[in-house]
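What follows is one structure encoded as structure tokens, with my remarks underneath.
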Amino acid sequence: MASSDTAARAGELRQQIEHHNVRYHQLDDPEISDAEYDALVRELRAIEEAHPEFVTADSPTQTVGAAPDTSTFAPVRHRQPMMSLDNAFSFEELQAWGKRMERHISGAVDFVCELKIDGVAMSVTYENGLYTRAATRGDGVVGEDVTANVATIAAVPERLALKGSRLPSVLEVRGEVYMPLSAFEHLNQKRGEAGLRLFANPRNSAAGSLRQKDPKITASRELSFFAYQVGEIEGGSQLHHHSEALDLLRDAGLPVNPEIRAVGSLEDVDGFCRNWLEHRHDLNYEIDGVVVKVDDLAQRAELGTTSKAPRWAIAYKFPPEEATTVLKDIMVSIGRTGKATPFAMLEPVRVSGSTVQLATLHNEDQVRVKDVRPGDTVTVRKAGDVIPEVVGPVLSKRPVGTEPWNFPSSCPICGSPLVRLEGESDTFCTNAECPGQRDQRIVHFASRGAMDIDGLGERTVMLLTTNGLVADVGDIYSLGYADVIALEGFADISVRNLLDAIERSKQRPLANLLVGLGIRHVGGRGAEVLASAFGHLDDIVKASEDSLAAAEGVGPVIAASVRQFFSLERNRAVVAKLRTAGVNFQGPAPSQLEQTLAGAAIVVTGTLRGYSRAEAVEAIKARGGTSPASVSKKTAYLVAGDDAGGAKLTRAADLGVPVLDEEGFRGLLATGIPTGSGAP
Ligand code: I6G
6 MASSDTAARA
16 GELRQQIEHH
26 NVRYHQLDDP
36 EISDAEYDAL
46 VRELRAIEEA
56 HPEFVTADSP
66 TQTVGAAPDT
76 STFAPVRHRQ
86 PMMSLDNAFS
96 FEELQAWGKR
106 MERHISGAVD
116 FVCELKIDGV
126 AMSVTYENGL
136 YTRAATRGDG
146 VVGEDVTANV
156 ATIAAVPERL
166 ALKGSRLPSV
176 LEVRGEVYMP
186 LSAFEHLNQK
196 RGEAGLRLFA
206 NPRNSAAGSL
216 RQKDPKITAS
226 RELSFFAYQV
236 GEIEGGSQLH
246 HHSEALDLLR
256 DAGLPVNPEI
266 RAVGSLEDVD
276 GFCRNWLEHR
286 HDLNYEIDGV
296 VVKVDDLAQR
306 AELGTTSKAP
316 RWAIAYKFPP
326 EEATTVLKDI
336 MVSIGRTGKA
346 TPFAMLEPVR
356 VSGSTVQLAT
366 LHNEDQVRVK
376 DVRPGDTVTV
386 RKAGDVIPEV
396 VGPVLSKRPV
406 GTEPWNFPSS
416 CPICGSPLVR
426 LEGESDTFCT
436 NAECPGQRDQ
446 RIVHFASRGA
456 MDIDGLGERT
466 VMLLTTNGLV
476 ADVGDIYSLG
486 YADVIALEGF
496 ADISVRNLLD
506 AIERSKQRPL
516 ANLLVGLGIR
526 HVGGRGAEVL
536 ASAFGHLDDI
546 VKASEDSLAA
556 AEGVGPVIAA
566 SVRQFFSLER
576 NRAVVAKLRT
586 AGVNFQGPAP
596 SQLEQTLAGA
606 AIVVTGTLRG
616 YSRAEAVEAI
626 KARGGTSPAS
636 VSKKTAYLVA
646 GDDAGGAKLT
656 RAADLGVPVL
666 DEEGFRGLLA
676 TGIPTGSGAP
């Protein structure tokens, strides 16, 4: 790029970043995702590094946040500047920062790793132990006085719990005001019911809730607070380490995040970050990264700060889970029960490491409340769930002339009317013969948790049904080599693999077959209860509604649904085909196995030599245990196979959960007590 072009690009970037600063910090209504914002800042920083002559004093790379909104809130000059943090966008960048710290400091370096809570940075001041003031970060020098609003947050104490010489005459605490996810969902539910615009995420709703003129509104929003740093301090005990400062905050009765860890090596910093990247959605609040800080305050002083950020701290930012893109159209898909689900067709966009083109819009009400329209720029999110969802429109980018979207009145696949019952949020295609429903029933039958037929996904099912080879799940077992090889995209090996997978599925437990049949209200748990109570599919098919309901754990809703399912001739015909094919109808005989693991939660990770993952889980359940996907405080044991990943092992070590190898697992199954234990 010619130098004049580069200067022009830097100017353009500065303008864009300032615009987005105002939207984020002042209006609580960002137009782009954090990751897209970070990318603009990075581009500007790269230009300024290559051309220091283009750096301006007011460049967003040199300043913090946005000017405070002093029309609503009084300005507060911070006693010490409220800086922001430099970012690392990969583990490599984080390690490079850590190595720089180790090089610049004489002697060993200890680090403190803290979760980066996605909320609003706050300065809270106590004088002689009493709450006196709260201020937002603003531009880092002047913030907004939100004392009355922050006073309503139960987690912020009115009085510090320190006494005598430990009580500083002035203690300024830095921290994050945030909205717990449960409170956010509750708030949006109430707003939806009242026809109000939904908040896009907990951060925006925390910021909006703090920026209320009436503190009673803030009080109703269930905000919370974590203290993470001592700012100004006068009097009290002498502090030498950040970890001591955190102890002081804790002793003072301030909430300090319980996941904070002091670590002695960069390897442990790396482990902490990787662990939380995997477990970020296990928390009741959103985090967008990990902040790593040098622990020793004398070492911090040696390192100093830039104009904007301390050199002794860095924010490792998780890869983005949100992005903005254009909504091309809204379509409706038909599920196996006939449920019609609206979904968004998007201009492809990268989110959480994959390209997203489709995102769910859940149901008619969600589309209406979010008011997303074809042509809108929308925020797309791929949080805990694998299914991406549309968060909402970016209203400032809405093209003129768009119209609200209306739910169709007929099924897009079979043309039958779509019906929404009074008081229900879902809409259904009522034609049981609808080809869309049929295909999804077969996909469900073959899915994991049901008959687990590898290779029988949506595309193959559609090929089989449109070629007239399969009309229901019973027909899957009549498929022969000649049928499948004739289909587009199949070769010798893929046909054999599919037929082998179909053959293997015949031996699945009865509970999996019950799940696969797709009986309304019968999920994994209900299927297991039915399978062990009746022991054979024929006994379930024959059972009266009363005897079904009388079985422990079944209840009237499942009983009625099972009865209704098997009273239909077409479902009995499917059972007959499955019987002819030799599919297992026999349930487990649970009483024969000693319940050695009753109530115990056992997580399995990595590859075991003697068990597939499904078999290990089955073995645990057959002995009365459960097998959740992730390690938590409630986990009794982590069973780690050969190639077990580090994150689950790290989490188990953090929580003191015993780790067993395969031999230990065998002993555990047999006796309820692990034999040879220890990580592989
Ligand atoms: O913005 C921040 C978020 C979290 C921080 C921070 C933090 O620690 C957990 N720490 C510092 C020192 C600063 N900003 C400047």
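Per our numbering, numbering of the sequence shown is gapless, rising by one per residue and ending at 685. Quick reminder that beta carbons are idealized off the backbone N, C-alpha and C, glycines included.
Which residues in the same chain as residue i place their Cβ atom closer than 7 Å to its Cβ, once the five residues preceding and following it in sequence are excluded?
i    : result
Q21  : L45
A205 : T384, V396 and G397
V374 : G197 and L203
A224 : T157
Please indicate yes or no: does the CB of residue i lie closer than 8 Å to some heavy atom of the ligand I6G?
i    : result
P65  : no
R171 : no
L99  : no
K322 : no
K121 : yes
Q591 : no
P260 : no
A306 : no
Q85  : no
L468 : no
L515 : no
V129 : no
M88  : yes
A140 : no
A93  : no
Y233 : yes
A71  : no
P315 : yes
V296 : yes
A126 : yes
A564 : no
A318 : yes
Could you work out which residue in the options is closest to residue i when comparing CA atoms only?
i    : options                   : result
L228 : A657, S552, E291 and D115 : E291
M336 : F116, R266, P417 and L259 : P417
Q445 : R464, R171 and N26        : R464
A232 : E623, P35 and I122        : I122
R453 : V500, I507 and L484       : I507
L351 : V383, E369, H245 and M456 : V383
K313 : A349, A306 and D91        : D91
A328 : V399, V580 and A565       : V399
G629 : S483, E190, A13 and V534  : V534
P679 : A658, T655, A641 and E427 : A641
V161 : G169, V146 and R138       : R138
G441 : C419, D431, S430 and D459 : C419
V662 : R142, H191, L643 and T676 : L643
G145 : T330, A72, N472 and V151  : A72
A428 : F450, E17, D370 and V448  : In the sequence on display, residue 428 carries Gly and not Ala. If we check each option's Cα against that of G428, D370 comes out closest.
R592 : I625, S537, L573 and K195 : Before going on, a small fix: residue 592 reads as Gly here, not Arg. Looking at the Cα atoms, S537 is the closest of the given residues.
S483 : L468, L504 and I498       : L504
F670 : K653, V622, R19 and D659  : V622
V478 : T610, V588, G148 and P173 : V588
Excluding five sequence neighbours on each side, which residues of the same chain lie with their C-beta closer than 6 Å to the C-beta of residue i?
i    : result
D488 : L474
P404 : G380
E283 : A652
E17  : none
Could you pull out every residue in the same chain whose Cβ sits closer than 8 Å to the Cβ of residue i, ignoring the five residues on either side in sequence?
i    : result
F590 : L515, L518, H541, L542, D543, L583 and R584
V546 : F571, R577 and V580
P595 : A caution first: P595 carries a pLDDT of 48, below 50, which makes its placement in the model too unreliable to give a value.
R50  : T66
Determine, using beta carbons only, whether residue i comes closer than 9 Å to chain C.
i    : result
K582 : As a matter of chain content, chain C is missing from the structure shown, which is built from one protein chain.
If residue i and residue j are in contact, beta carbons under 8 Å, what's the gap, nearest whole angstrom?
i    : j    : result
L366 : V385 : With a Cβ gap of about 11 Å, L366 and V385 do not count as contacting.
G124 : Y183 : 3 Å
L332 : F348 : Not a contact, Cβ separation roughly 11 Å.
R171 : S248 : Going by Cβ atoms, the distance from R171 to S248 rounds to 16 Å, so no, they are not a contact pair.
A532 : F539 : Not confirmed; about 11 Å, so no contact.
A93  : P325 : Between P325 and A93 the Cβ distance is about 14 Å, and since that is not below 8 Å, they are no contact.
Hey, would you say the C-beta of residue i is under 8 Å away from at least one heavy atom of the ligand GDP?
i    : result
R179 : Annotation note on the ligand GDP: not contained in the displayed structure, which lists the ligand I6G as its ligands.
**Item:** the segment 397–412 contacting the segment 366–380, beta-carbon criterion three pairs below 8 Å
**Value:** yes
**Asked** Any chance the segment 265–275 sits against the segment 79–94, with 3 or more Cβ pairs inside 8 Å?
**Response** no
**Prompt:** Can you find at least 3 beta carbon pairs, one from the segment 332–346 and one from the segment 433–445, that sit closer than 8 Å?
**Reply:** yes
**Item:** the segment 276–296 touching the segment 107–121, judged by at least three CB pairs closer than 8 Å
**Value:** yes
**Item:** Validate contact between the segment 204–219 and the segment 273–280 using beta carbons, cut 8 Å, 3 pairs
**Value:** no
**Prompt:** Is the segment 94–112 touching the segment 299–316, taking contact as three or more C-beta pairs under 8 Å?
**Reply:** yes
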